[in-house]
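Enquirer: Take a look at the following structure, please.
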Amino acid sequence: TTTGISRFALSDAFAEVLAYYVSTVKVDGLLIAGSNGEGYAMTTDELRRATEIAIRTIAGRVPYYINVTRPSAKGSIERAEAAAEAGATGICLMGHPVIMDATEDEIVTRFEKVAKAVPLPMMVYNSSHLQQFNITPEVLKRIADVAPVACLKDGNRDPDHTRGMIAVHGDSFPVLSGH
185 TTTGISRFAL SDAFAEVLAY YVSTVKVDGL LIAGSNGEGY AMTTDELRRA
235 TEIAIRTIAG RVPYYINVTR PSAKGSIERA EAAAEAGATG ICLMGHPVIM
285 DATEDEIVTR FEKVAKAVPL PMMVYNSSHL QQFNITPEVL KRIADVAPVA
335 CLKDGNRDPD HTRGMIAVHG DSFPVLSGH
């Protein structure tokens with residue numbers, strides 16, 4: 185539990201924030217439980233609840249992706265299944281996060297395993313400062329060959345990298361820049 189704040193109050197506050205971004209800011213899409221949204225600290229049940237709130241609040245007005253990233257593919261699949269069972273229309277996955285070092289083949293295999301288990305549209309999250317791997321345009325092509333990539337969130341801090349991603353993949357799916 186959260187000291188001094190009920191889960192009900194947190195649910196109401198989350199719904200209010202989502203409604204503000206969809207109705208007032210008029211965003212084009214949302215990432216739920218991202219790296220700054222404390223998704224890493226949520227239990228699977230909390231992620232399921234956040235997904236249910238997002239679905240009810242967003243009500244199909246903009247696309248959204250539920251971040252299901254966990255250190256293992258198995259953990260990411262468990263969260264993707266929970267999000268899908270709650271009604272999510274898209275998921276977000278990073279390469280091996282924070283403490284893992286991985287090869288290009290391992291990164292591609294991770295995306296393939298999650299996509300086979302839960303074939304929802306996928307936001308690929310390249311957060312090279314949080315993972316020991318930078319997804320290049322070539323690696324993203326390999327990922328798109330094995331997973332239903334709907335967009336890329338490129339958190340690489342090099343604008344030339346993002347421009348390269350747009351040049352190669354911009355006609356296939358949206359490329360978003362930022363953290």
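With the working numbering, the residue at position 42 of the sequence shown is 226, and numbering never jumps.
We put the CB at the ideal spot given by N, CA and C, even for glycine.
Quick caveat: nothing in here was measured; it's all calculated off a predicted structure.
CB-CB under 6 Å to residue 305, same chain, minus the five flanking residues each way: which ones, in chain order?
Expert: Excluding residues within five positions, the ones whose Cβ falls inside 6 Å are 274, 332, 334.
Enquirer: Using the beta-carbon count (16 or more within 10 Å), is residue 338 buried or exposed?
Expert: Buried, by the Cβ-count rule.
Enquirer: May I ask you to list the residues that DSSP assigns as paired with residue 337?
Expert: DSSP output for residue 337 lists 309, 360 as bridge partner(s).
Enquirer: Residues in its own chain within less than 8 Å of residue 237 by CB, not counting five upstream and five downstream?
Expert: Answer for residue 237: 195, 198, 199, 202, listed in chain order.
Enquirer: Of all the options 269, 244, 324, 242, which has the alpha carbon lying nearest to the alpha carbon of residue 277?
Expert: Ranking 269, 244, 324, 242 by Cα distance to residue 277 puts 324 first.
Enquirer: Do the CB positions of residue 297 and residue 257 come within less than 8 Å of each other?
Expert: Yes, they are a contact pair.
Enquirer: Drop a sphere of 10 angstroms on the beta-carbon of residue 206, count the other beta-carbons inside from all chains shown, and report buried for 16 or more, exposed for fewer.
Expert: Counting Cβ neighbours within 10 Å, residue 206 comes out buried, since at least 16 surround it.
Enquirer: Rounded to whole angstroms, what is the Cα-Cα separation between residue 316 and residue 291?
Expert: Roughly 11 Å separates the two Cα atoms.
Enquirer: Looking at residue 213: is its Cβ nearer than 8 Å to the Cβ of residue 247?
Expert: Yes. Within cutoff.
Enquirer: Hey, could you find the ends of the beta strand (DSSP E) residue 278 is sitting in?
Expert: 275 to 278 is the span of the beta strand (DSSP E), which, as asked, contains residue 278.
Enquirer: Should residue 271 be labelled buried (16 or more other beta-carbon atoms within 10 Å of its own) or exposed?
Expert: Under this definition residue 271 is an exposed residue.
Enquirer: Below 8 Å on the Cβ atoms is my guess for residue 235 versus residue 250; work out the distance and round it to an integer in Å.
Expert: Confirmed, about 5 Å.
Enquirer: Kindly list the residues whose CB is nearer than 7 Å to the CB of residue 321, restricted to its own chain and excluding five residues on each side of it in sequence; keep chain order.
Expert: Around residue 321: 348, 349, 352, 353.
Enquirer: Going by Cα to Cα distance, which pick from 261, 308, 254 is closest to residue 215?
Expert: Ranking the options by Cα distance to residue 215, first place goes to 308.
Enquirer: Would you call the CB atoms of residue 318 and residue 336 closer than 8 Å?
Expert: No, Cβ-Cβ distance for residue 318 and residue 336 is not below 8 Å.
Enquirer: For residue 344, which option in 361, 208, 225 has the closest C-alpha, if you only look at C-alpha atoms?
Expert: Of 361, 208, 225, the residue nearest in Cα terms is 361.
Enquirer: Can you round the beta-carbon distance between residue 265 and residue 217 to whole angstroms, since I take them to be within the 8 Å contact cut?
Expert: Residue 265 to residue 217, Cβ: 15 Å. No contact.
Enquirer: If you follow the alpha helix (DSSP H) that residue 231 is in, where does it begin and where does it stop?
Expert: Taken as a continuous stretch (DSSP letters only), the alpha helix (DSSP H) holding residue 231 covers 228 to 242.
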